[in-house]
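J.: Here it is, the structure, as structure tokens.
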Amino acid sequence: MKQFKNKHIKHACLNPNISIEIIKYLISSGININSKTNQNQTVLHIAYKNKTALHIACKNENISLEIIKYLISSGIDINSKTDWGWTALHIACKNENISLEIIKYLISSGIDINSKTNLNETVLHIACLNPNISFEIIKYLISSGIDINSKTNYNQTVLHYASLNPNISLEIIKYLISSGIDINSKTNLGLTALHITCKNENISIEIIKYLISSGIDINSKTKQNKTALHIACKNENISLEIIKYLILSGININSKTYLNQSALHYACENKNPNISLKIIKYLISSGIDINSKTYWGWTALHIACKNENISIEIIKYLISSGIDINSKTNQNETVLHYASLNPNISLEIIKYLISSGIDINSKTNQNQTVLHYTCSNPNISFEIIKYLISSGIDINSKTNQNETALHYACKNENISIEIIKYLISSGIDINSKIKDKNETTLYIACKNKNISLEIIKYLISSGIDINSKTNQNETALHIASLHYACKNENISIEIIKYLISSGIDINSKIKDKNETTLYIACKNKNISLEIIKYLILSGIDINSKTNQNETVLHIAFLHIACKNKNVSLEIIKYLISSGIDINSKTNQNETALHYACKNENISLKIIKYLISSGIDINSKTNQNQTALHIACENKNISLEIIKYLISSGIDINSKTNQNQTALHIASLHIACSNPNISLEIIKYLISSGIDINSKTTRNETVLHIACDNLNQNISLEIIKYLISSGIDINSKTNKNQTALHIACSNPNISLEIIKYLISSGIDINSKTNQNQTVLHIACDNKNISLEFFGYLNSSGININPKTNENETILDYTCKNKDISLEIIKYLISSGIDINSKTNQNITALHIACLNKNISLEIIKYLISSGIDINSKTIWGWTALHMVCEYRNIQFIKLLMKNDVNIFDLEDYRINKEIINLFPKIYSINEDLNNFLKSSQNENENEKFTDLEIKTNDYFKFKVHKIILLTRFDNDKLILQKFINICNRKPKRDVQLALNFLYTGFTNFDYFIQRFQNFINYKNQMKEIDESKQYPYPYPYPYPFQNENENEKIKKFENLRKTEIEKENEIEEQENELMKDIFEKIGIESNWIETKKGRKGIIKDLSKLYQQNETKDFKIICSENENEIQNQNQNKKEIKVHKLILIIRSELFKGMFLNVQDQSNQVHDYSRKSFETINQFIYFLYHDEFEEETKITKENLEEYVDIKDYYQLNPKSLIGELLLDFDYFKNIFFN
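Numbering of the sequence shown is given in full-length UniProt numbering, commencing with residue 1 and proceeding in unit increments.
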């Protein structure tokens, strides 16, 4: 028993032979059954699946009721879910050895029977997939109240799952249907239970019959337009009886998929030839269209010939039934083309097709004959090729690319010498060349990795033109063969010898490259010394040069040989002994020694041999790199090679064009890649006299580079050694960065390295050119930890420094996508200025809200710490605008609850996202329910307290929005019927009203004034200087810097004065209209006279509205129309509320009235606008309609063709509102 005591109980529950006594003992020994690990898992969890002991017990193949009872009675969380959302009941229902007693006990113990997995599967879904599930369990689950019509994420019901089960019983299917499951429900792919049943391996005719008799739609189609018949015909285990039953039950036999496939096509695709033939016969006898073609032009015979389980009986039956044997696909392929490409094709089928009258010489769109296809077949058949040629096929027929069947045969990796011989002896043109390439069959054969020497010999002995050249002049064609032979990794020396002995031009070169065969041979990683020797002894020009002048050509071989990771010393020795110029240089001025030092697998022996053979050890490349620089770049270089180069006299202090010494390069490359030898190489370079304080062109020392390439295993040792060797620790780069700045920016930052640099005397408060301290840099590092901040702070660093952009450390921290809340807390608690602003007036909150990866907790903490939530940037953006940029709903809600100012809507462009997000942030229905519940309180003050509308402007705004949305929802008909009251297309007016009403602008006078100022400004600019372009949206004249400044301002002031007069005139007209309205509904007529303009009217009417909004709201939300009619005492209040909406709409139009008068685009807009408003008001007051009209999404744009009427710039402020059709549609039709 003791052996179990120190093991988790989960392992015990996994044991199929575990006893209840052991489980009891483990729990009674004090194990906390629900304690959690650091990963939030209980001791009973399986870590990678988040399973409890109860999950494991339910999974055990010998599932025990006693163990389950004991675990539950011990207090285990019965509703705990795995990472996949599975409860113990889900797992139990999947267990093939499950019993009804266990299911009953789990449910009776309070497990959530309707709990769903991450895929939205209920336990009934899982049970219906269990191959051993019993009818009693299914029956019990349904009787326990499980939702039988619940659907998964893929819209699958339990009937779909049951139909998928190969062992499902008819009894279960019957019970599911009788229990009210939706039999015609479809999955996301459009599959019904009948489709899935027809795909089932153990398909049952009884289930098919029952589904159809129960009313399932037999002709239902999937999203690919497949019927159950299509799916059944492809099922290899289908019975003919099922096919017959489906057809006799009325399924459409000629129905086609979206690719135009009929059931006959699917039957011919069936891999079971025995059942396939029976189905094909029955389908044809039932009247299916035998010559129907698919989207690609395939008939059933094409598919049958393509089927790898091809059957001659099927072929014969289709042809005898009248299928068009010469029918062609969209690519002009006949069935003989398809048959000849089938790897399992038989000679018997080919003979039958030809004897049936198929056109043997028919060609595809690419001019390919059946012989081309046959020669491409990986299981190429000599007998079939013989039969085709003897049957009269055109052996010299060529494709569009001029390829003969011999070209195709030479490409085939399974080609035999017998086929090549037979094709040539039958008179095929051996010297035919491929179009645009001029490649012969010899060229093609030498590219074939499985080609044999016999085939090469036979082609040449048959008279192929060995000196033919390709269009690329890669080589004479026989030489091209040699090039490709040398590329071939499986090539044999016998083929090379035979080609050369046959008279091939050994010194021919590839066009544009000037590469000879020796050059190519040296590239081959499997090349042998024997081939190299043979090429040179055969007289190849060893001193030939490529067009790239990479080297004299024999030297190029040395370069390539040294680059080859499998380079052998023997090949190098042989090339040098053959007279190669060892000091030849490439266009980059690289010698063979440079190439050798690049090779990651280079040996000291080769380096020694090159140097001893007289190679120039101090030769430099175009970048001024010596072999020592190159060697220090090599991540696998050995210390012995470095030592040998230095001892051989290489210039250790030589610098590259970037002023890098070998020490710079070693620190950059070796330090971060080779922890075993890096420190030794750096020590050896320094001890050998290299200048440790040498600087690159960017003023970087080796210490800067070492800190930029931190390797946790070796970096501290390297840094210690560099500092102890006298390197200047406070040296700065061109950007004024010290090694500490660079170390703090490194993602592999190490606290030990930071501590060592500081303790060694580095200036901790040094600043870069951008005035960044190391603390700024560290805050931008994704792997920074709280310990770094603590250490830097304790070391005396200034915590409130600012960059040139006035950015603080907190600003940098909030930019960091991986920053933690603890660091933010530490900085604020350390006294950082939380409300500091950058040069653009950006606060840390702005930056945090723009960070897509920042946590909600950080935003909360910044707000709770007193950051100004309504602070604006120089562009007028608040934190709310920032979060709306990324549509972060949670952040928006948080800002709303913390009194962010949402009424500051000065610029529609930057507020558009906020406005459009409102319906998504808060559920209208949920808010309506909350409002109605709260309105039932007798104490009205309590209601307002619940909604916080007295203390929080946001909630006032929200409730008002709900009323407006509800009004538009209930009064759609009113707005629709209003459309035809007007003489012209007035939908634009309705749209304008809706835009304004829904967005809820409160400072509307400013909005109008702002736009009017902009119009005036643009007109004044046009008059003064038409060539001048000033930045939008300045509402006032740009401060001119020339001699006519006063004159321009004077002209502007005169223009503005005229516009104010027009504005006042319009306002008077509107006030007269409003006075008339007020008199009609019983409001004192002197109200207008005592207030100042529109703002006063809106303000006072809003007060009146707020006093009556509760009753008004209840009436509007009522489903009983009679109740509204009976509420006579409230009708006036409703009219007042409607009046507010009308006036807002009127004001909105008033702004456009001003704009249109300015542009003279609509001459009598003013008169028509007021006529429209009058009609609208009369209509709302009297509830009378002249005629009705139905507005649909289809004709909406006809009514809202704004461009034709306004001709405004869509980028302008008004243009954005007018052209936002989607916004209007969402309000009007959702």
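Positions of the beta carbon are idealized from the N, C-alpha and C atoms, including for glycine.
A quick note: this is a predicted structure, and the numbers were derived from the prediction, not measured.
Just to confirm the assignment, what range does the alpha helix (DSSP H) spanning residue 790 have?
T.: 786-794 is the span of the alpha helix (DSSP H), which, as asked, contains residue 790.
J.: Does DSSP put residue 808 in a helix, a strand or coil?
T.: Note: residue 808 maps to coil in three-state DSSP.
J.: Does DSSP put residue 938 in a helix, in a strand, or in coil?
T.: In this prediction, residue 938 scores a pLDDT of 33, lower than 50, which makes its location untrustworthy; no coordinate-derived value is stated.
J.: Taking the alpha-carbon positions, what's the residue 521 to residue 338 distance?
T.: For residue 521 and residue 338, the distance between alpha carbons rounds to 41 Å.
J.: Report the start-end ranges of each alpha helix (DSSP H) in the UniProt repeat "ANK" (119-153) that is 4 residues or longer and not cut off at the edges.
T.: The qualifying runs are 123-129 and 135-143.
J.: Note the first and the last residue of the continuous alpha helix (DSSP H) segment covering residue 177.
T.: Looking at the DSSP string, the run of the alpha helix (DSSP H) that includes residue 177 is 170-178.
J.: Check for me: the alpha helix (DSSP H) holding residue 678 runs from which residue to which?
T.: Taken as a continuous stretch (DSSP letters only), the alpha helix (DSSP H) holding residue 678 covers 678-687.
J.: Just confirm the distance between the C-beta atoms of residue 58 and residue 91, as a whole number of angstroms; I'd bet it's less than 8 Å.
T.: Correct: roughly 4 Å between the Cβ atoms.
J.: Based on Cα-Cα distance, which residue from 340, 739, 289 and 271 lies nearest to residue 766?
T.: Considering only alpha carbons, the answer is 739.
J.: Which runs of the alpha helix (DSSP H) spanning at least 4 residues fall entirely within the UniProt repeat "ANK" (698-734), listed in chain order?
T.: With a minimum length of 4 residues, the continuous alpha helix (DSSP H) runs that stay inside the UniProt repeat "ANK" (698-734) are 702-708 and 715-724.
J.: Buried or exposed, going by whether 16 or more other CB atoms sit within 10 Å of the CB of residue 329?
T.: Counting Cβ neighbours within 10 Å, residue 329 comes out buried, since at least 16 surround it.
J.: My guess is that residue 63 and residue 98 are in contact by the Cβ rule of under 8 Å, so how many angstroms apart are they, rounded?
T.: At roughly 6 Å, the Cβ-Cβ gap stays under 8 Å, so residue 63 and residue 98 are in contact.
J.: What would DSSP say about residue 348, mapped onto helix, strand or coil?
T.: Helix.
J.: Excluding the five sequence neighbours on either side, which residues of its own chain have a C-beta within less than 6 Å of the C-beta of residue 259, listed in chain order?
T.: Within the same chain, residue 259 has close Cβ partners 294 and 295.
J.: On the CB-based measure, 16 or more other CB atoms within 10 Å of its CB, does residue 275 come out buried or exposed?
T.: By the 10 Å Cβ count, residue 275 comes out buried.
J.: Give the DSSP-derived three-state secondary structure of residue 663 in the structure shown.
T.: Of the three classes helix, strand and coil, the one that applies to residue 663 here is helix, per DSSP.
J.: What's the gap between the Cα of residue 638 and the Cα of residue 629?
T.: When rounded, the distance between both Cα atoms is 14 Å.
J.: Check each candidate in 422, 429 and 624 and name the one with the smallest Cα separation from residue 404.
T.: Out of 422, 429 and 624, 429 has the C-alpha closest to the C-alpha of residue 404.
J.: Can you tell me whether residue 891 is buried or exposed, with buried defined as 16 or more other CB within 10 angstroms of its CB?
T.: When all chains shown are included, residue 891 counts as buried.
J.: Within a Cβ cutoff of 7 Å, which residues of the same chain sit near residue 668, ignoring the five residues on either side of it in sequence?
T.: Within the same chain, residue 668 has close Cβ partners 705 and 709.
J.: Buried or exposed for residue 1139, going by 16 or more other Cβ atoms inside 10 Å?
T.: At residue 1139 the pLDDT is 43, less than 50, meaning the model places this residue with poor confidence; the figure from the coordinates comes in the next sentence. By the 10 Å Cβ count, residue 1139 comes out buried.
J.: DSSP on residue 418, reduced to helix/strand/coil?
T.: It is helical.
J.: Which class does residue 612 belong to by DSSP, given the choice of helix, strand or coil?
T.: Helix.
J.: If I'm right that residue 72 touches residue 53 with Cβ under 8 Å, what's the distance once you round it to whole angstroms?
T.: About 10 Å separates the two Cβ atoms, so there is no contact after all.
J.: At what residues does the alpha helix (DSSP H) containing residue 378 begin and finish?
T.: From DSSP, residue 378 is part of no alpha helix (DSSP H); its letter is neither H nor E.
J.: Quick check: the Cα distance between residue 132 and residue 152, rounded to an integer number of angstroms?
T.: Approximately 22 Å between the Cα atoms of the pair.
J.: Between residue 1239 and residue 459, is the Cβ-Cβ spacing less than 9 Å?
T.: Residue 1239 is absent from the model: the chain starts at 1 and stops at 1230.
J.: Quick one, which of 220, 134, 345 and 87 has its alpha-carbon nearest residue 114's?
T.: The candidate whose alpha carbon is nearest that of residue 114 is 87.
J.: Flag this pair as yes or no: are the beta carbons of residue 347 and residue 336 separated by less than 9 Å?
T.: Contact flag unset, no.
J.: So, at 7 Å on beta carbons, what are the nonlocal neighbours of residue 681 in its own chain, with the 5 sequence-adjacent residues on each side left out?
T.: Result list for residue 681: 639, 642, 666 and 670, in chain order.
J.: Expressed to the nearest angstrom, what Euclidean distance is found between the alpha-carbon atoms of residue 806 and residue 872?
T.: Cα to Cα, residue 806 sits roughly 16 Å from residue 872.
J.: What does a CB cutoff of less than 6 Å around residue 941 pick up in its chain, not counting 5 residues either side in sequence?
T.: Unreliable placement is indicated for residue 941, whose pLDDT of 34 sits below 50; the coordinate value is still reported in the next sentence. Cβ neighbours of residue 941 beyond the five flanking positions: none.
J.: Could you please give the first and the last residue of the uninterrupted alpha helix (DSSP H) stretch that includes residue 335?
T.: Segment 335-341, the alpha helix (DSSP H) holding residue 335.
J.: Leaving aside the five residues before and after residue 223 along the sequence, list all residues of the same chain whose C-beta is less than 6 Å from its C-beta, in chain order.
T.: 189 and 190.
J.: Roughly how many angstroms separate the alpha carbons of residue 451 and residue 375, rounded to a whole number?
T.: For residue 451 and residue 375, the distance between alpha carbons rounds to 15 Å.
J.: By a C-beta neighbour count over all protein chains shown, 10 Å radius and 16 as the cutoff for buried, is residue 697 buried or exposed?
T.: Label assigned to residue 697: exposed.
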